[in-house]
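Visitor: One structure follows; several queries about it will come next.
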Amino acid sequence: LKLQFLYFIAHKATEIIKMFKTALALGLAATAMAQTPAPTDPCSVLTHNVGSCQLGQQLVDLNTMTTCKNYICSNLMSIYAIAHGADKSKKLAGQSYGCQIEDWDGTGVGDVICMPNSGGGGGGGSSGGMSGGAIFLIILFVGFAVYLAGGIVYMAKVKGESGINMIPHIEFWKDLPNLMKDGAFFIKNKVTGGGYSSV
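Structure representation (structure tokens):
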């Protein structure tokens with residue numbers, strides 16, 4: 638009977654470890670899918686807006702505007718549009734004006750050419766890998782599974798315990814709800830200014 642119970646516990650511990658491995662693999666796969674690859678054409682991230690750039694965007698620099706002027710004229714602007722980037726002394730005139738970058742006195746409304754912030758994409762996504770919080774949680778859960786499985790095996794093999802007593806530090810785990818309740822009352826009393834009432 639003891640051997641069957643040990644086999645059962647070892648089997649469950651193995652299942653827990655497999656579950657965490659699967660969760661880790663799924664987390665990595667989801668992170669990889671969420672990342673958008675860098676566009677092959679640097680001009681394809683540019684947008685043409687009326688008035689100002691959107692959240693997560695900045696005005697395009699003059700070098701990028703010069704490099705991408707044909708793309709901007711043919712894909713973003715109307716043929717009569719006039720737009721500027723970060724350098725407001727230069728304007729990009731639309732196709733009907735020859736798609737040229739010219740000096741500009743800055744008068745008039747003018748549209749803007751925008752690009753994602755240099756801090757990494759317009760959508761605010763991360764630039765690589767999993768977040769620190771996700772890594773911490775994975776390490777925490779895998780560590781707890783190893784602690785539990787290793788503790789059960791140790792308590793059964795070395796200490797000769799059986800049943801619920803095989804769980805490592807069982808008295809702590811039994812008392813944890815009461816400890817949490819005491820901690821919550823302590824914090825509540827500190828915040829509200831209350832104290833312990835005399836008995």
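In terms of the working numbering, the sequence shown opens at residue 638 and continues consecutively. Built from N, CA and C at the ideal position, the CB exists for glycine as well.
(1) Distance, Cα to Cα, A723 vs S733?
(2) Note the first and the last residue of the continuous alpha helix (DSSP H) segment covering L683.
(3) With distances taken from CA atoms, which of V682, L699, F773 and K655 is nearest K728?
(4) Give me, in chain order, the residues of the same chain whose beta-carbon lies closer than 6 Å to that of N686; leave out the 5 immediate sequence neighbours on both sides.
(5) If you draw a straight line from the alpha carbon of T659 to that of L785, how long is it in whole angstroms?
(6) Based on Cα-Cα distance, which residue from G830, P753 and D819 lies nearest to T701?
(7) Going by CA-CA distance only, name the one from D819, Y708, L692 and H806 that's closest to P679.
(8) Give the DSSP-derived three-state secondary structure of C752 in the structure shown.
(9) How long is the line joining the alpha carbons of T651 and G788, rounded to whole angstroms?
(10) If you scan the region 703-742 from start to end, which runs of the beta strand (DSSP E) of 3 or more residues do you find wholly inside it?
(11) Do T703 and I738 have their beta-carbon atoms positioned less than 9 Å apart in this structure?
(12) Going along the chain, which residues of its own chain have a beta-carbon closer than 7 Å to the beta-carbon of G731, five neighbours each way excluded?
(13) Once the 5 residues before and after V697 are set aside, which same chain residues still bring their CB inside 7 Å of it?
(14) Where G770 and C736 are concerned, what is the direct C-alpha to C-alpha distance, given to the nearest angstrom?
(15) Among residues of its own chain, excluding the 5 on either side of C690, which ones have a beta-carbon nearer than 7 Å to its beta-carbon?
(16) Use the C-beta contact count for M803: other C-beta atoms within 10 angstroms, 16 or more gives buried, fewer gives exposed.
(17) G747 to G688, Cα distance in whole Å?
Guide: Based on what the coordinates show:
(1) 23 Å
(2) Here L683 belongs to no alpha helix (DSSP H), and DSSP marks it neither H nor E.
(3) L699
(4) V749 and C751
(5) 18 Å
(6) P753
(7) Y708
(8) In the sequence on display, residue 752 carries Met and not Cys. Residue state, collapsed to three classes: strand.
(9) 14 Å
(10) Within the region 703-742, the beta strand (DSSP E) runs of at least 3 residues that lie entirely inside it are, in chain order, 719-721, 727-730 and 738-740.
(11) yes
(12) C710, M714, S715, I716, Y717, A718 and I719
(13) So the list reads L683, G722, A723, I750, C751 and M752, once near-sequence residues are dropped.
(14) Spanning the alpha carbons of G770 and C736 requires a straight line of approximately 48 Å.
(15) L696, V749 and C751
(16) buried
(17) 7 Å
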